[in-house]
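**Q** Take a look at this one; I'll ask things after.
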C-alpha cells in the first residue's frame, strides 16, 4: 500500500519560511534593500541558480550568514518567489498583470523553470488582452531573446502574424532589432499586404540612418550604397510577386538600385506572363511565392484573392485594384449546392431578397470557374427581368491562375438579371444560367453581356456552386444618429479616402507609362504636373459639392450617387487631357 502526504510537507515548509527560525541566508531585495530570511539547503535544493551561486561562493558571508543582494527584484516579488520555492504555491489573485509580468522576468533570472511555465500558462489563458496590448517592440524582443519564454513567444508571434498592423503601425517599429525583423519577414503567414511590408522595411532602414533623406529622388551614390548594405539581408525575404504590378512600379521600382537587376527583370517577366505562374515557376525565377492570406471566407471553391478580384470588378476597376488584404466588402456565404440542396427551390430559399450577391460555380472535370454578380436581388415570386449596367458574368479557365480571369458587364439589356422559380441564378437571356441542379447552360448568342470566348458553350455540368451576399465593409461604425455632425464628418472622411485612392491611381498610371518606356524626359514630368494640377483643381470642386451635400444631411445612398458622378467626372477630365485608364497587365517591360 502506498501513501503520499505532499500537502502536509508543503505546509510544514511554509511554516519554516514564516517562522524565521535558524535561517542562514539574508536576501536584500528591491531598491530599498529590504531583508528576507531563508535557508541555504532549501534554496540550493529547489533552485539551480542558488545551487550554482552558493557553490561558487558568489554570496558574501557576514556573522555566519550568507548575504545575497538583488536590488532589481522587488521585495514583494521576492516574497512570492520564496513561497513557491518552499511550498510550491503561487497565488495570482491579487496581482496586477504588470506584477505578473515582473514576476516572470524575476523567475527567469533565477532560472525557476517550473514557475516560468506556470506564469506563461496563466498569462496566455487569463491575460490575453494584456498580452495583446503589450505586443510592443520591447516585449517582443524580450520573448524572442529568452528561450525559456517559448509559449509566450509563440502566442505573440501568432498575434503579430494575424494582426501585423499592431507592430508595423507602431512608432517603435523602427526600434526592432535586425534579427527580430528578419525573423518576422520570414513568416509565411504574416497577414499584411506585401507592399505595406516593403514600406515598413524602407521606413526601418531609413531610421537606421537619420542623415539620409526620405525622398529617394534626393539620394546620392553614397546614400544608395549605405542603404544597400542595410537592406541587403532583407531583400530575399520580401515576396515581390505578392505586390501588384501597379504598386511595384510606383513604390518599389524607385529603389531599383537597391535590388538585383535580375530579380527586377524576373518580376516584370512574371507580371507580364499570360501563362499560369506556379510555385515551380517562381522557384525557377528565384522569386518567393506570396504569403498565405488569412482565409475569412467560407468557400470550398475559391480563396481571398478571388474575392479581391470580384471587388475590383464590382467597382469596375482592373483585376489588381484590390488585393486579399484591402477588400472593401464582406462576403457572407448564403448557399452552397452540395450543402443546402441542388435545386432551384433550395437556391431561392437561401438567396431570395438578400440584396447583391456573387455566384461562383466550378465546372466539372476542370479547374474552370464561372459565375456572375447580381447587384439587385433574387426573388422567385417576381418572375420578372431586371435591367442593370452593374451586373457582370465572369470566368477563370484556371481558378489557380488569376491571369485567366475574364469579365463581361451587362450592356443594360432588360434581361440582365432574370428571376424564375424553376431556375437558380440566371444572368441575361441565355448568357449564363442554372438549368437543372448541376446542369448549367451558356449560349453562344450572347445578348445581355458581351461574349467571353473562354465561357463554356451549351450545356455543361458543375461540381458545386456557391452564392455570397455582398456587404459594404465600413471602416468604423458610428453609434451617433444618422444626421449627427460626427457621422457627416466620418462620411466626408470616407469620401476623401475613396476619392483620393482613385486620384492616386491616375497619377501612378501616368508615371508608369513614363518610367518603363525609357523616356526619362523632364518635359514629361512637367506635363504630368500641369495635368495633375488641373485635375486637382476640378476635383476640388467635386469635393466641395459633395461636402455641401453632406452638410445638408445627405443620406448614404445620395453619397454613393455623388461618388458615381465624381467617377464619371474623373474619366471625362482624363479623356480631356489624354490620360487613359490603364490596365497594368498590358505593359510590355521588355520594349
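Residue numbers (the numbering used here): 197 to 787.
Note that the Cβ used here is the ideal one computed from N, Cα and C, for glycine as well.
All values derive from a computational prediction rather than experimental measurement.
#1: Taking the Cβ atom as the reference point for each residue, do residue 589 and residue 561 lie within a distance shorter than 8 Å?
#2: Compare the C-alpha of residue 269 against each of 246, 353, 225, 622 and name the closest.
#3: Residue 653 to residue 643, Cα distance in whole Å?
#4: Any contact between the stretch 572 to 591 and the stretch 613 to 625? By contact I mean 3 or more CB pairs, one from each, below 8 Å.
#5: Measuring alpha carbon to alpha carbon, tell me which of 666, 271, 216, 205 ends up nearest residue 509.
#6: Going by the beta-carbon positions, is the gap between residue 570 and residue 583 smaller than 8 Å?
#7: Count the other CB atoms within 10 Å of the CB of residue 207; is the residue buried (16 or more) or exposed (fewer)?
#8: Once the 5 residues before and after residue 279 are set aside, which same chain residues still bring their CB inside 8 Å of it?
#9: Report the rounded CA-to-CA distance for residue 557 versus residue 445, giving the unit in angstroms.
#10: Which residue wins for smallest C-alpha separation from residue 567, given the options 349, 658, 227?
#11: Measure the alpha-carbon distance for residue 421 versus residue 300 and round it to whole angstroms.
#12: Return the CA-CA distance between residue 559 and residue 655, expressed in angstroms with no decimal places.
#13: Of all the options 240, 362, 379, 242, which has the alpha carbon lying nearest to the alpha carbon of residue 433?
#14: Under 8 Å by Cβ, that's how I've got residue 518 and residue 507 pegged, so tell me the actual separation to the nearest angstrom.
#15: Using the Cβ count rule (16 or more neighbours within 10 Å means buried), how would you classify residue 357?
#16: Helix, strand or coil: which one does DSSP assign to residue 576?
#17: Return the chain-ordered list of same chain residues with a C-beta closer than 7 Å to the C-beta of residue 602, the five sequence neighbours on each side being excluded.
#18: Tell me the residue span of the alpha helix (DSSP H) that contains residue 462.
#19: Evaluate the contact criterion for the stretch 347 to 363 versus the stretch 409 to 420: three or more CB pairs, one atom per stretch, below 8 Å.
#20: Going by DSSP, name the residue or residues bridged to residue 553.
#21: Using a 10 Å radius around the Cβ and a threshold of 16 neighbouring Cβ atoms, would you call residue 289 buried or exposed?
#22: Enumerate in chain order the residues of its own chain whose CB-to-CB distance from residue 373 is below 7 Å, with the five nearest sequence positions on each side excluded.
#23: Relative to the C-alpha of residue 660, which candidate in 230, 439, 634 has its C-alpha closest?
#24: Give the single residue among 455, 542, 256 whose Cα lies nearest to the Cα of residue 620.
#25: What are the boundary residues of the alpha helix (DSSP H) that residue 415 is part of?
#26: Between the beta-carbon of residue 565 and the beta-carbon of residue 498, is there less than 8 Å?
#27: By alpha-carbon positions, which one of 511, 640, 528 ends up nearest to residue 605?
#28: Can you tell me whether residue 197 is buried or exposed? The criterion is at least 16 other CB atoms within 10 Å of its CB, across all chains shown.
**A** The answer reads as follows:
#1: no
#2: 225
#3: 14 Å
#4: yes
#5: 666
#6: no
#7: exposed
#8: 210, 213, 285, 286
#9: 34 Å
#10: 658
#11: 43 Å
#12: 11 Å
#13: 379
#14: 5 Å
#15: buried
#16: coil
#17: 590, 591, 648, 650
#18: 457 to 468
#19: no
#20: 570, 665
#21: exposed
#22: 337
#23: 634
#24: 542
#25: No alpha helix (DSSP H) holds residue 415; DSSP gives it neither H nor E.
#26: yes
#27: 511
#28: exposed
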